[in-house]
Structures are given as structure tokens and as C-alpha cells.
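J.:
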Amino acid sequence: MMRIFLEEWKKLFTWQFAILLVLVSLIFYELFIVFEFKYFPNGRPILDTFMVTQEMLENYGEGMDEEEFRDFQQRFEDREALLHNYLEEDEKAVVADLTSYEALYRSEIDNEVAQDLREKVGVEKEDLIYDIQARESIISSYEDRKEMGISYFETSSNPALLERIEQLRENGSAENIFSYIVFENYDFLIKDVAILSFLSIMLFIMPLYLKDRKSKVIHLQYATKKGRSLFRTKLAAAVTGGILVITAQLILFFSLYATNDTHMFLSQNINSFFNFVMLSWFDLTFLQYIILTVVAIYILGIALIVVCAWISNISPNYMTSVGMHVPLAYVAFGVGTTYLLRHVTTLELPKYTFLIGLALVLLISSSVVFWSVKREKRKDILA
């Protein structure tokens, strides 16, 4: 049986598939993924905000209390003072009374002198001004931390959700240092990697049974009891091979993701005053969140392998198989990644949506396997 299993593996892992997988992966990375690595964090002051949050973790640890916040404000004021000293050396700025950050950027003054000064500062003190803007946004978010989740109070009457918001406000989550920039970047990337993994699986599994049908070998298989059991051997080869394909894609992705310099956020709670993207039903660290998404990819991937194998088994030809894969791709790439991979455990959805969703996926895929195996035992040789 092991020899047959290995033979089926050889049929799936052909050099043609290897070349196709490499080409598809290269094109997909170039179109959708490389940009997120190459330009992370993308733009300013987003880059500066990311760097400031890294500095905060080094200075204050996992969270920032009131005393540490005063220190952070002092650092902000020190940078404002540097800008003030610079502007005081400019005669036009002194005459126009635009020698402070507040006067130059927050006031309603928008004459030619102010515009020229902003342009000059943007060129000569670019790093300083973006650093000030980044710190200002963090200070504003921290000062409003007790308003965390206020939109839910305005739109929801779910007592469990409102209780969770109150819990987040009171248990210190509001003071956690975790950046929305890191979370959003990972969330976009993992969805794209999941889609690439699922596409790879479809290409990998599609010929599973079609090759035998095309070569008429399938008629010989159904003539013996041992031949009929080949269905399960092929399915086992497909599942293990598909898992290997997913693993290869994830290893490639996380090897690249490690260069994003986000490792210091792994131990941070994703519920934070500075994570505008999502609040979670659970107190998860960023690493735990990553693990959940990886588990989801494997579960969705295995379910997809089973369904693709079933399609390959019932399709009379490749054209029919491709046609049946189109709606499956819509469900896997769209619905599956949206609700079971992005914003996992979000307060936007009922508390156990993620767990129930994965359980349903496992149940459906198990039912397909059970039904298919049972069908193969009774299937007529001419069917």
C-alpha cells in the first residue's frame, strides 16, 4: 500500500507542476505581496509612527502608564522645542509669529508666508516634522483611550459585546502598545498568502482522478476490490501532498515576513489604544493571532483539498473541472478568507464565529470524504 501511495505522490509532484507552482507564485508575489514587504511601512508619517511605537516598546515595555505617558509627552515637547529654535532663526517666521509647531501647522493661517515656511520645514526638517506628527497622533489616541470601542456603544445593544468593551477599558488593554500599522500589514499579507496557497492546491489536486479517467485506467481499477480502495490512497496522497504545498508557501512567506522587523510586537496584546483596525473578543498576543490564522489556513486548505479531489473524481474532463472550480474559488478566496482569516475574533462578528466557521468547514469536508468513500464502494464500473 505504501508503494502505491508513493506512486500517487509521484503522479502529483511532477516537474510540470513544480514549474507551474514556481511561476504562479512568482507572478502572485510580484502582483500582490512584494509591495507590502518592499514599502513597509508605506509612506510618512506612517513610517515614523511605526518607529516611534518601536521606541515606546523599548522605553516602556508592554504598556504605557500615566507616568510613562508624561515622559512621552516630554519627548514630544522636546521635539517641538527643536522646531521652535529652528523657526526662530527665520526672520519671516518671527515677523509672521509662526515660530511654533502649533502656530505653523494647527492655526488657520494659510497665507503665502505660512505655505513657504511649511515647504521649507518639510525639506530641511523633514524627519523632525514627521516625528512630531507621529507622536502627536499617538498622544491623541492615548488621551482618548477610555473611549475605546465607543462606536460599538452607539450601534450595538448586544450586552456581551458592551460588557467586553468595558472589560477592555478597565483591564489595561487600553494602555497596551501595539500598532495598527503592524496588524493591518499582516492581515493583508496573510489573506494574499492564503489565496496563493488555495490556488496552488487547486492546481495540484485537479488532475488527481482525471488522469486515470483520461487514460481509461479507472475502468481497470473498478474491476477489483483493491482497485476501488485506490480512491482512498489517492485521497491520502492528495491531503498529505496538499499540506506540504501549504507548508512550503507558509515557510516562504514567514521567511520574508521576518524581515519586516515586527518581531518585538509578537508578545503584545492586539487590543490596544493604537490598534484602530480591530478589537478582539479574546486577549490574544500578536503571536497567538498569527498562530490562529495559520491553523485556519491549514483547516481551510485541507477542506479545499477534499472538495477539489471530489470535483476531480466526478468531472468527466478538465473543462468541466475548471468550471466547477470557479464557484469554489469564489467561496474559498472571498468568503473563506474574509470571515475566517481576516480580523479573526473581531468584535464586529459574534464571539464564536471563527470557531464555529472552522468547525462547519471540518464537518462539511468530513461528510464529503465519507460520502465519496461510500459511493466508491457501490459505484458501477460504467458510471
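Residue numbers (this note's numbering): 934 to 1316. Idealized CB from N, CA, C, for every residue including glycine. For clarity, every value in this text was computed on a predicted model and none was experimentally measured.
#1: Does DSSP classify Thr986 as helix, strand or coil?
#2: With DSSP as the reference, please indicate the residues paired to Gly996 in a beta bridge.
#3: Just to confirm my understanding: we take Lys1284, look at its own chain, exclude 5 residues before and 5 after, and list those with CB closer than 7 Å. What are they?
#4: Pull up the distance between the alpha-carbon of Glu1052 and that of Tyr1019, whole angstroms please.
#5: In this structure, does DSSP put Asn1044 in helix, strand or coil?
#6: Quick check on Glu941: buried or exposed, where buried means 16 or more other Cβ atoms within 10 Å of its Cβ?
#7: Got a sec? Which residues, its chain only, sit under 8 Å from Met997 by beta carbon, not counting five neighbours each side?
#8: Just grab the DSSP bridge partners of Asn1202 for me.
#9: Let's test the definition: count the other Cβ atoms within 10 Å of the Cβ of Leu1315 and tell me whether it reaches 16, buried, or not, exposed.
#10: If we ignore side chains and look at the alpha-carbon of each, how far apart do Phe950 and Ile1134 end up?
#11: Does DSSP put Thr1270 in a helix, a strand or coil?
#12: For Ser958, which residues from the same chain have a beta carbon less than 8 Å from its beta carbon, with the 5 sequence-adjacent residues on both sides left out?
#13: Quick one: Cα of Asp1330 to Cα of Ala1047, how far?
#14: Return helix, strand or coil for Thr1279, following the three-state DSSP convention.
#15: Residues in its own chain within less than 8 Å of Lys1167 by CB, not counting five upstream and five downstream?
#16: Measuring CA to CA, which of Ser1188, Arg1008, Val1227 and Arg1102 is closest to Leu1273?
#17: Assign Ala1191 to buried or exposed, taking buried as 16 or more other Cβ atoms, counted over all protein chains shown, within 10 Å of its Cβ.
#18: Does the structure place the segment 1090-1105 close enough to the segment 1011-1018 that three or more beta carbon pairs sit under 8 Å?
#19: Is Asp1030 near the ligand COA, in the sense that its beta carbon is under 7 Å from a heavy atom of that ligand?
#20: Throw me the rounded Cβ distance for the Ser1112 and Phe983 pair, which I believe falls under 8 Å.
#21: Using only the alpha-carbon positions, how far apart do Gly976 and Tyr1263 sit?
#22: Thinking just about the alpha-carbon of each residue, which of Ser1299, Phe1287 and Leu1220 is nearest to the one in Leu1237?
#23: Check this for me: beta carbons of His1276 and Asp1120, under 8 Å apart or not?
#24: Would a C-beta distance cut-off of 8 Å place Phe1219 and Ile1203 closer than the cut-off?
#25: Can you check DSSP and say which residues form a bridge with Ser1213?
#26: Distance, Cα to Cα, Asp981 vs Met935?
#27: For Lys1025, collect the residues of the same chain with a Cβ closer than 6 Å to its Cβ; drop the 5 residues on either side in sequence, then sort them by chain order.
#28: Is the beta carbon of Thr1270 less than 8 Å from the beta carbon of Ala1127?
#29: Taking only the alpha-carbon atoms, compute the straight-line gap between Val913 and Val1210 and give it to the nearest angstrom.
#30: Out of Gly1055, Arg1165 and Glu995, which one is the CA nearest neighbour of Lys1307?
#31: Run the CB neighbour count on Asn1118, radius 10 Å, all protein chains shown included, and call it buried at 16 or more, exposed below.
#32: Can the beta-carbon of Ile1232 be found less than 8 Å from the beta-carbon of Leu1295?
T.: According to the structure data:
#1: Helix, per DSSP.
#2: In the DSSP secondary-structure assignment, Gly996 is bridged to Asn1109.
#3: These residues qualify, in order along the chain: Ala1093 and Trp1214.
#4: If you take the alpha carbons of Glu1052 and Tyr1019, they lie about 14 Å apart.
#5: In the three-state DSSP reduction, Asn1044 falls in the coil class, being neither helix nor strand.
#6: Buried: at least 16 other Cβ atoms inside 10 Å.
#7: The beta carbon of Met997 is closer than 8 Å to those of Met989, Phe1005, Tyr1075, Glu1108 and Ile1110 in its chain, skipping five residues each way along the sequence.
#8: Answer is Thr1218.
#9: Unreliable placement is indicated for Leu1315, whose pLDDT of 47 sits below 50; the coordinate value is still reported in the next sentence. Per the 10 Å Cβ criterion, exposed.
#10: Between Phe950 and Ile1134, the C-alpha separation is close to 11 Å.
#11: Note: Thr1270 maps to helix in three-state DSSP.
#12: The residues Leu1129, Ser1133, Gln1182 and Leu1185, in chain order, have a CB closer than 8 Å to that of Ser958 in the same chain once the five nearest residues on each side in sequence are set aside.
#13: Outside the displayed range of the chain (934 to 1316) lies residue 1330, so it cannot be described from this structure.
#14: Of the three classes helix, strand and coil, the one that applies to Thr1279 here is strand, per DSSP.
#15: The beta carbon of Lys1167 lies closer than 8 Å to those of Glu941, Leu1141, Tyr1142 and Ala1242 in the same chain, with the five residues before and after it left out.
#16: That would be Val1227, whose Cα lies nearest to the Cα of Leu1273.
#17: That one is exposed.
#18: Under the three-pair Cβ rule at 8 Å, the segment 1011-1018 does not count as touching the segment 1090-1105.
#19: For the ligand COA, the structure offers nothing, since it holds no ligand at all.
#20: In this structure Ser1112 is in contact with Phe983, their Cβ atoms being roughly 6 Å apart against a cut-off of 8 Å.
#21: Taking the straight line joining both Cα atoms gives about 32 Å.
#22: Measuring from the Cα of Leu1237, the nearest candidate turns out to be Ser1299.
#23: The criterion of a C-beta distance shorter than 8 Å is satisfied by His1276 and Asp1120.
#24: In contact: Phe1219 and Ile1203 (Cβ atoms closer than 8 Å).
#25: DSSP links Ser1213 through a beta bridge to Thr1279.
#26: Between Asp981 and Met935, the C-alpha separation is close to 56 Å.
#27: Taking C-beta separations shorter than 6 Å and ignoring five residues to either side along the sequence, the partners of Lys1025 in its chain run Val1046, following chain order.
#28: A contact, by the Cβ cut-off of 8 Å.
#29: The chain is shown from 934 up to 1316; residue 913 falls before or after that span and cannot be answered.
#30: That would be Arg1165, whose Cα lies nearest to the Cα of Lys1307.
#31: The residue is buried, with at least 16 neighbouring Cβ atoms inside 10 Å.
#32: Closer than 8 Å, so yes.
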